[in-house]
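Protein sequence lines correspond, in order, to chains A and B.
In terms of my numbering, the first sequence opens at residue 99 and continues consecutively.
In terms of my numbering, the second sequence opens at residue -1 and continues consecutively.
Ideal Cβ placement from N, Cα and C applies to all residues, glycine included.
In what follows, a structure is listed as C-alpha cells, so that the remarks can point back to it.
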Amino acid sequence: AQSVTQPDIHITVSEGASLELRCNYSYGATPYLFWYVQSPGQGLQLLLKYFSGDTLVQGIKGFEAEFKRSQSSFNLRKPSVHWSDAAEYFCAVGPFNTGGFKTIFGAGTRLFVKA
Amino acid sequence: DAGVIQSPRHEVTEMGQEVTLRCKPISGHDYLFWYRQTMMRGLELLIYFNNNVPIDDSGMPEDRFSAKMPNASFSTLKIQPSEPRDSAVYFCASSLTGDYGYTFGSGTRLTVV
Chain A
99 AQSVTQPDIH ITVSEGASLE LRCNYSYGAT PYLFWYVQSP GQGLQLLLKY FSGDTLVQGI
159 KGFEAEFKRS QSSFNLRKPS VHWSDAAEYF CAVGPFNTGG FKTIFGAGTR LFVKA
Chain B
-1 DAGVIQSPRH EVTEMGQEVT LRCKPISGHD YLFWYRQTMM RGLELLIYFN NNVPIDDSGM
59 PEDRFSAKMP NASFSTLKIQ PSEPRDSAVY FCASSLTGDY GYTFGSGTRL TVV
C-alpha cells in the first residue's frame, strides 16, 4: 500500500545549525514527491517538488531535498536554520490515479529552533 | 494572484446546526481539494474535483458532509447537522493538471460546541 512516513514527530535545532528532516515512502512506481511547510495558523505552502531528472531538488527559502530511490527516501535539508523556519513540515507523495490524482501526506515533523 | 481564498476563517456553531465553508481556487486551476486537519488524524483528503466534477469523495466521513463546485471559481463544503467531532481545520487547495503541487488556502477553523 502507498504510504508516507516521517519518523520524527518533532526536532529541535539551534539557530545556524544544519537541518535534515526524514521522509520515507512506499509507492508502486516512480513517485512525485513534495515537501510543504505550515506555519501556525496558516495553510500549507509548497517548498519543493520532485518529478524526475536531477535527484537533488532546490526549493524556496533555501531548502533542498534529495530523492534516493534505493532507500525510498526524500529527505529535506537546509544548511543553516533561521528562527523563522520553526514550523511543521509535511512530506507528500502522489499521484494516485482514480480518474484524476491525489496526494498522501505524512504526519508531519514539527521543527523547533532554539537561540 | 490572491491565492486560494477560504471563508470564514473561524466558525463557532452549536451542535445540530448547518455549517457551510467556502473556497475560491486560483483562477485557471482545474483541480480543487478539500482537506481536514486534526491533531489525531493529521491531514485527511475529503473530496476532490476536476473541472468542477467530483472525482473521489471516498474521504467524506458520512452523509452529513456534502461538497459542491457549481463553477470553476467557487466551491462549498457543507456539514448538516454538525457534531462536536467535526471540530477541525478545513483546508481547500487547488492545483493545475500536470503540476501536482497544491496551493492551500489559510483554512477555516471550525468549532462545534
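Supposed contact pair residue j and residue i - C-beta distance, whole angstroms, cut 8 angstroms
{"i": "Thr101 of chain B", "j": "Ala91 of chain B", "result": "6 angstroms"}
{"i": "Met13 of chain B", "j": "Val87 of chain B", "result": "About 19 angstroms; that fails the 8 angstroms criterion."}
{"i": "Phe165 of chain A", "j": "Leu146 of chain A", "result": "Phe165 of chain A to Leu146 of chain A, Cβ: 11 angstroms. No contact."}
{"i": "Val17 of chain B", "j": "Ser80 of chain B", "result": "5 angstroms"}
{"i": "Val111 of chain A", "j": "Val191 of chain A", "result": "Not quite, the Cβ-Cβ distance comes to about 25 angstroms (not below 8 angstroms), so this is no contact."}
{"i": "Pro23 of chain B", "j": "Ser71 of chain B", "result": "7 angstroms"}
Residue i - DSSP class collapsed to helix/strand/coil
{"i": "Asp183 of chain A", "result": "helix"}
{"i": "Gly40 of chain B", "result": "strand"}
{"i": "Gln140 of chain A", "result": "coil"}
{"i": "Lys200 of chain A", "result": "coil"}
{"i": "Ser116 of chain A", "result": "coil"}
{"i": "Ser150 of chain A", "result": "coil"}
{"i": "Glu158 of chain A", "result": "Before going further, note that residue 158 of chain A is Ile rather than Glu in the sequence given. In the structure shown, Ile158 of chain A sits in a helix (DSSP, three-state: H, G or I)."}
{"i": "Arg34 of chain B", "result": "strand"}
{"i": "Pro68 of chain B", "result": "strand"}
{"i": "Leu94 of chain B", "result": "coil"}
{"i": "Ser104 of chain B", "result": "coil"}
{"i": "Ser73 of chain B", "result": "strand"}
Run of the beta strand (DSSP E) containing residue i, from where it starts to where it stops
{"i": "Thr54 of chain B", "result": "The sequence shown places Asp at residue 54 of chain B, rather than the Thr named in the question. First-last of the beta strand (DSSP E) with Asp54 of chain B: 51 to 54."}
{"i": "Ala99 of chain A", "result": "Per DSSP, Ala99 of chain A belongs to no beta strand (DSSP E) and is neither H nor E."}
{"i": "Glu60 of chain B", "result": "Note, Glu60 of chain B: premise wrong, no beta strand (DSSP E); not H, not E."}
{"i": "Glu12 of chain B", "result": "First-last for Glu12 of chain B: undefined, no H or E at that position."}
{"i": "Ile3 of chain B", "result": "3 to 5"}
{"i": "Thr207 of chain A", "result": "207 to 212"}
{"i": "Tyr125 of chain A", "result": "No beta strand (DSSP E) holds Tyr125 of chain A; DSSP gives it neither H nor E."}
{"i": "Ser171 of chain A", "result": "171 to 176"}
Interface partners of residue i on chain B, CB under 7 angstroms
{"i": "Ser130 of chain A", "result": "The question names Ser, but residue 130 of chain A in the sequence shown is Tyr. Simply Tyr98."}
{"i": "Pro193 of chain A", "result": "Tyr98"}
Neighbour list for residue i in chain A, Cβ cutoff strictly below 9 angstroms
{"i": "Gly40 of chain B", "result": "Phe188, Phe203, Gly204, Ala205, Gly206"}
{"i": "Leu129 of chain B", "result": "With chain B covering -1 to 111 only, the question about residue 129 of chain B has no answer from this structure."}
Interface residues of chain A facing residue i [CB-CB closer than 7 angstroms]
{"i": "Lys104 of chain B", "result": "Note on identity: in this sequence residue 104 of chain B is Ser, with Lys being the wrong assignment. Per Cβ cutoff of 7 angstroms: Gln140, Gly141."}
Interface residues of chain B facing residue i [CB-CB closer than 8 angstroms]
{"i": "Leu144 of chain A", "result": "Gly99, Tyr100, Thr101"}
Chain B residues whose Cβ lies nearer than 9 angstroms to that of residue i
{"i": "Phe210 of chain A", "result": "By Cβ distance, chain B contributes nothing, its closest Cβ being about 17 angstroms from Phe210 of chain A, past 9 angstroms."}
Item checked: Contacting positions in the region 83 to 102 of chain B - beta carbon closer than 8 angstroms to chain A -> Phe89, Ala91, Tyr98, Gly99, Tyr100, Thr101, Phe102
Next item on the list: Pull out every residue of the region 44 to 75 of chain B whose Cβ sits closer than 7 angstroms to any Cβ of chain A, in chain order.
Entry: Tyr46, Asn48, Ile53, Asp54
Checklist line | Interfacial residues, the region 146 to 157 of chain A to chain B, with Cβ spacing under 8 angstroms | finding: Lys147, Phe149
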